[in-house]
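Here's the structure we're looking at; comments come further down.
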Amino acid sequence: MFIAAAMVLTTLLGMVTANIFTRSTEVADTETVLTAIEPESQPDSSMRAAASEESQIEEIILKPNVKEQKYAPTNNPNDTPYSNQTNIQSTQTRRKIIVLDPGHGMTSDEMSDEEKENQGWTYTDKGWGEWRHWKTGSRTEDCEGYGCSGRAPENGSCWYPIANGDRDGEGDINLRNVMYAKQYLEEMGYDVRLTRDNNSNPSMTKRLKSCYPNGDKYEEPDADAFVCIHSNAGGGRGSAYIEMSGVYDQYGISASYADDGNRLGRCINSAIVENTSLGEYSGGTIELPELILFCKSPITIAYLEIGFFDNDSDMAILDSEAEAIGRSIAEGIDAYFNG
Ligand SMILES: [Zn+2]
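Residue numbers 1343 to 1681, in our numbering, belong to the letters of the sequence shown in order.
Below, the structure is given as structure tokens:
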């Protein structure tokens, strides 16, 4: 038995070593040179997740001589065993990793240029902002207006100005909902990463780094789902998720990327409508298929618009039922994975 365990350990260590030196190869994009300069604008933001496969060898490695397995995972939900083991997580039973993304943050005029740069924003001749898409087949290379199949929002541009994301007050509401969701998810046995835990305002591209081990997007993503939490404005009441119905061709996503994201969004929104005083807005779905996060996420993503913060009645619910909203987000995610 010891020899068998030692062989498995040796194999595992070999896999770890191999992983360290294996970089994902980006598919170079050679098609679709888009020459039209698109007009500026369109509001928005963005995010997603992919269920990871668990291999059968976990059964072999876990049982014998657990103490001798340097990387032996534990199934005790009170432990946090994986923080330094990202390279071999996919070969073992592990807790699912959920990225929670509280939308927005401080407004762009509250940020110095240095802060904008630190938060992942780019300065071009169009001002501060970021590119909406990767080049087709890439997950690290901004389209810079070319090579993304021209799939900007209708009448919009591949360029997203930072000021389009300015939402006074919404950032705090989103963060409060996310902190409750985090607490409940952790109680359920999930590991949670936050794209921000203060008033900062990272670019969408920076937020997506949370999908990767140590934020390194040249590694394979190790998170299982990316969930964007927002609140709506502009006339209306209730809660909805943004439906994915566009062209998503970034490197590494599954064929069911949009379907998975829509199911995740539906699970979360259904839980919110069921457990809180918020009704369903617009049949539960909003169409904004070209959100940056949808076009750049490497894993399953869902995007929630929870209540209307500029409606007094919805705002009262957001204030008084924040914990129930957070719990519903967690239950919806759990229903997606285990329902
Ligand atoms: Zn583009």
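We put the beta carbon where it would ideally sit given N, CA and C, even for glycine.
Heavy atom of ligand 1 within 8 angstroms of residue i beta-carbon
{"i": "R1474", "result": "yes"}
{"i": "A1494", "result": "yes"}
{"i": "A1445", "result": "Correcting the residue type first, residue 1445 is Gly in the shown sequence and not Ala. Checking the Cβ of G1445 against ligand 1 gives no."}
{"i": "G1487", "result": "yes"}
{"i": "C1490", "result": "yes"}
{"i": "C1500", "result": "yes"}
Check whether residue i and residue j have beta carbons under 9 angstroms apart
{"i": "L1442", "j": "I1595", "result": "no"}
{"i": "N1519", "j": "I1440", "result": "no"}
{"i": "G1479", "j": "D1566", "result": "no"}
{"i": "Y1593", "j": "I1628", "result": "no"}
{"i": "K1604", "j": "S1581", "result": "With the sequence shown as reference, residue 1604 is identified as Asn, and Lys is not the correct amino acid for it. It is not a contact, given that the beta carbons lie outside the stated cut-off."}
{"i": "I1659", "j": "S1619", "result": "yes"}
{"i": "K1477", "j": "F1679", "result": "no"}
{"i": "M1586", "j": "A1600", "result": "yes"}
{"i": "L1517", "j": "R1538", "result": "yes"}
Spatial distance of residue i from residue j (CA atoms)
{"i": "D1661", "j": "D1654", "result": "10 angstroms"}
{"i": "G1577", "j": "D1602", "result": "29 angstroms"}
{"i": "S1454", "j": "W1470", "result": "11 angstroms"}
{"i": "E1665", "j": "L1527", "result": "12 angstroms"}
{"i": "V1569", "j": "G1489", "result": "27 angstroms"}
{"i": "I1667", "j": "G1674", "result": "10 angstroms"}
{"i": "L1630", "j": "N1556", "result": "30 angstroms"}
{"i": "K1458", "j": "F1651", "result": "26 angstroms"}
{"i": "L1633", "j": "R1669", "result": "26 angstroms"}
{"i": "W1473", "j": "E1561", "result": "21 angstroms"}
{"i": "N1460", "j": "I1648", "result": "29 angstroms"}
{"i": "G1511", "j": "N1540", "result": "13 angstroms"}
{"i": "G1447", "j": "A1575", "result": "16 angstroms"}
{"i": "L1606", "j": "D1451", "result": "34 angstroms"}
{"i": "T1466", "j": "S1573", "result": "29 angstroms"}
{"i": "G1681", "j": "N1497", "result": "40 angstroms"}
{"i": "S1545", "j": "W1463", "result": "6 angstroms"}
{"i": "A1523", "j": "N1617", "result": "14 angstroms"}
{"i": "K1487", "j": "E1529", "result": "Per the sequence shown, the amino acid found at residue 1487 is Gly instead of Lys. One C-alpha to the other measures close to 43 angstroms."}
{"i": "R1579", "j": "G1621", "result": "7 angstroms"}
{"i": "A1505", "j": "K1468", "result": "12 angstroms"}
{"i": "D1676", "j": "Q1525", "result": "13 angstroms"}
{"i": "N1543", "j": "G1492", "result": "27 angstroms"}
{"i": "T1482", "j": "T1449", "result": "26 angstroms"}
{"i": "C1609", "j": "G1626", "result": "11 angstroms"}
{"i": "F1636", "j": "H1475", "result": "9 angstroms"}
{"i": "L1646", "j": "G1445", "result": "10 angstroms"}
{"i": "M1521", "j": "R1509", "result": "19 angstroms"}
{"i": "I1515", "j": "D1484", "result": "30 angstroms"}
{"i": "P1533", "j": "P1503", "result": "For clarity, residue 1533 is Asp in the given sequence; the question names Pro instead. So the two alpha carbons sit approximately 33 angstroms from each other."}
{"i": "E1400", "j": "R1436", "result": "With a pLDDT of 34 at E1400, under the threshold of 50, the modelled position of this residue cannot be trusted, and the question is left open."}
{"i": "V1589", "j": "P1495", "result": "11 angstroms"}
{"i": "E1456", "j": "G1507", "result": "18 angstroms"}
{"i": "G1513", "j": "D1656", "result": "16 angstroms"}
{"i": "I1613", "j": "K1559", "result": "Checking the sequence, you will find Ala at residue 1613 rather than Ile. Rounded to whole angstroms, A1613 to K1559 spans 32 angstroms at the Cα level."}
{"i": "V1615", "j": "G1531", "result": "24 angstroms"}
{"i": "C1500", "j": "P1563", "result": "24 angstroms"}
{"i": "E1285", "j": "Y1554", "result": "This structure does not reach residue 1285, given that the chain is present from 1343 up to 1681, and the question cannot be answered."}
Bridge-paired residues (DSSP) for residue i
{"i": "W1470", "result": "Y1465"}
{"i": "V1534", "result": "I1440"}
{"i": "Y1502", "result": "E1472"}
{"i": "D1484", "result": "W1476"}
{"i": "E1629", "result": "E1585"}
{"i": "A1567", "result": "I1440"}
{"i": "N1574", "result": "F1650"}
{"i": "Y1645", "result": "C1570"}
{"i": "E1622", "result": "S1581"}
- Message: Check whether the region 1532-1550 and the region 1632-1646 are in contact - that is, three or more C-beta pairs closer than 8 angstroms.
- Response: With a cut-off of 8 angstroms, the region 1632-1646 and the region 1532-1550 count as touching, because enough Cβ pairs lie within range.
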